[in-house]
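Asker: To get the working numbering, take the position in the sequence shown, counting from 1, and add 1061.
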Amino acid sequence: QKLNMCHSSLSNLKIRSKLKKETAKSSIQERRKLKKVFKELESRSGSTPPGILRDIFFRFTELPGLFGEQLFTALDENDDDLLDARDFLNGIVTLYKGPLDSLSELLFKVFDFGKNGYISSEEILYILAYLPEKCPRCGEVLLKDWDIQSKANSLLGGRDFIRLEDFTEVLLFQPEIGRVILQSILSSLPPFIEEVFFEKELSKQSIYSGILRFKKRTYKFVLKNQALYYFPTESQSPYGMILIKDLYVAKLNEFTFELRNSKLSYSFKADNEETIDEWIGFIKKNIGFKDIVQDYKLLESIGKGAYGKVKLAENLKTKERVAVKIIAKEPLDDRSETRIRKEISILKLCKHESLLNLIDFYETPSTIYLVTEYLPEGTLFSYMQERDFKIPEATACDLVRDIAAGLNYLHSYGIIHRDIKLEN
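1) Looking at the secondary structure, which residues open and close the alpha helix (DSSP H) in which residue 1191 lies?
2) Among 1239, 1377 and 1216, which has the Cα closest to the Cα of residue 1183?
3) Return the Cβ separation of residue 1192 and residue 1242 in integer angstroms, given the expectation that the two are a contact with Cβ distance under 8 Å.
4) Within 10 Å of its beta-carbon, does residue 1289 have 16 or more other beta-carbons around it, so buried, or fewer, so exposed?
5) For residue 1136, report the span of its alpha helix (DSSP H) as first-last.
6) Which term fits residue 1279, buried or exposed, when burial requires 16 or more other beta carbons within 10 angstroms of its beta carbon?
7) Could you tell me which of 1282, 1342, 1077 and 1410 sits nearest to residue 1160, measuring between CA atoms?
8) Alpha carbon to alpha carbon, how far is residue 1446 from residue 1483?
9) So, using beta-carbon positions, are residue 1107 and residue 1403 closer together than 7 Å?
10) Within the same chain, show all residues whose beta-carbon is closer than 6 Å to that of residue 1152, passing over the 5 residues directly before and after it, in chain order.
11) Quick one: Cα of residue 1360 to Cα of residue 1087, how far?
12) On a Cα-Cα basis, can you pick out the residue from 1347, 1326, 1318 and 1345 that is closest to residue 1333?
13) So residue 1357 is in the beta strand (DSSP E); what residue range does that whole segment cover?
14) Would you list the residues sitting across from residue 1302 in a DSSP beta bridge?
15) Please work out which residues of its chain come closer than 7 Å, Cβ to Cβ, to residue 1407, disregarding the five sequence neighbours upstream and downstream, and give them in chain order.
16) Return the residue from the list 1119, 1308 and 1210 that minimises the CA-CA distance to residue 1143.
17) Please work out which residues of its chain come closer than 6 Å, Cβ to Cβ, to residue 1286, disregarding the five sequence neighbours upstream and downstream, and give them in chain order.
18) Could you pull out every residue in the same chain whose Cβ sits closer than 8 Å to the Cβ of residue 1390, ignoring the five residues on either side in sequence?
19) Following the continuous alpha helix (DSSP H) through residue 1155, name the residue where it begins and the one where it ends.
20) Does the Cβ-Cβ distance between residue 1273 and residue 1329 come in under 7 Å?
21) Using the Cβ count rule (16 or more neighbours within 10 Å means buried), how would you classify residue 1112?
22) Does the Cβ-Cβ distance between residue 1417 and residue 1386 come in under 7 Å?
23) If you count every other CB in all the chains shown that lies within 10 Å of the CB of residue 1212, and 16 or more means buried, which is it?
24) Since residue 1411 contacts residue 1368 with CB under 8 Å, what's their CB separation in whole angstroms?
25) Assign residue 1354 to one of two classes, buried (16 or more other C-beta atoms within 10 Å of its C-beta) or exposed (fewer than that).
26) Provide the residue span of the alpha helix (DSSP H) that contains residue 1027, from first to last.
27) Below 8 Å on the Cβ atoms is my contact criterion, and I expect residue 1133 with residue 1105 to pass it. Report the Cβ-Cβ distance as a whole number of Å.
28) Would you mind working out which of 1239, 1162 and 1245 sits nearest residue 1198, comparing C-alpha positions?
Below you can see the structure in the form of structure tokens.
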């Protein structure tokens, strides 16, 4: 029977409490599959020593902000800002199959920002604030009638802070809290990791499959869950996999297409152009490829920022005016691109009337497009400049209140702005 991970025993902590370490270990086959996933993520990182970098981990998971940061930190046993094979395999196996004591230790580390062996009310509130109202995988309502402050108080049980042994006991007697936290993590992990722990016939549930030549050999390829699995033609077990979430597909000629990004490139050959076109179409659909010119008409430039220019644009369907920040990737170093991607993850998360709203996001091999609300009155600096920096006290009070409300909202997620000025 096919199990949906959101509604299986995976997130049931009472069942986890009955597991023993020796019976909760992963199988040899599961470890082999996980090693293939690790090797793919490691190849994206290109780090020395080898491992999965924090930025690459974020790109392939959907956990936002501090929640994602803390999960990475919890998995990083060596505290070297890099997940080696042992960190990755042990951490993922614990999340999917670990008994309660191992699982609670990992979840405790997610909450323990200070790495001091205890968690406070403030630390609990930061993580609980990130929990989604609905499961991103299945749509189940997770936070029905939840009050975050009361849940934090319930976890603390009247104490100022709790240690690991108290945390494990709380999860056992209040399993709903732990279930929601664990389900939020599991549903944010990419589906190709879920596949490791659920025996499935890839070809039966694939989006597309067929024969291609790759690295001078012929394989059967199966496209599913943002990954290409390739098999020796008669084998039931994949020889390897290629993660395609961060790759772009392009047709090189009538017999060849390519998957690539700034660091990697894979080429595939078929016997005819029709097969090539079909593969390109299905891959674009699977990775959720979108072209901004299909949705928006780009108009005149209205500004310039540290990483690129800003253009006015019009939604082709609704005729709504929006602003589009256009960021060229080529001059960006890895650190700058990581900073931009963190900003994008924060913008996706934060919805508040005092914050600029991210409407959509597009990416090509060379460019990032951020579609935001269009503010025709410009910045607070231009507003003040037009008035010779003299405004009524009541107006100043309104402005300060709105700015404070926006900052308070950010701080509730553990996010600091770091560049508050009139231009922003």
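From the three backbone atoms N, C-alpha and C, an ideal C-beta is built for every residue, glycine too. Predicted model only: the values in this text are computed from it and were never measured.
Answerer: Let me lay it out:
1) 1182 to 1191
2) 1216
3) 7 Å
4) buried
5) 1126 to 1136
6) exposed
7) 1077
8) 10 Å
9) no
10) 1136
11) 55 Å
12) 1318
13) 1357 to 1365
14) 1290
15) 1126 and 1476
16) 1119
17) 1252 and 1253
18) 1323, 1398, 1426, 1427, 1428 and 1429
19) 1146 to 1158
20) yes
21) buried
22) no
23) buried
24) Contact doesn't hold; Cβ gap of about 19 Å is too wide.
25) exposed
26) Residue 1027 lies beyond the range of the chain shown here (1062 to 1485); nothing can be said about it.
27) The pair is not a contact, with the Cβ atoms about 15 Å apart (cut-off 8 Å).
28) 1245
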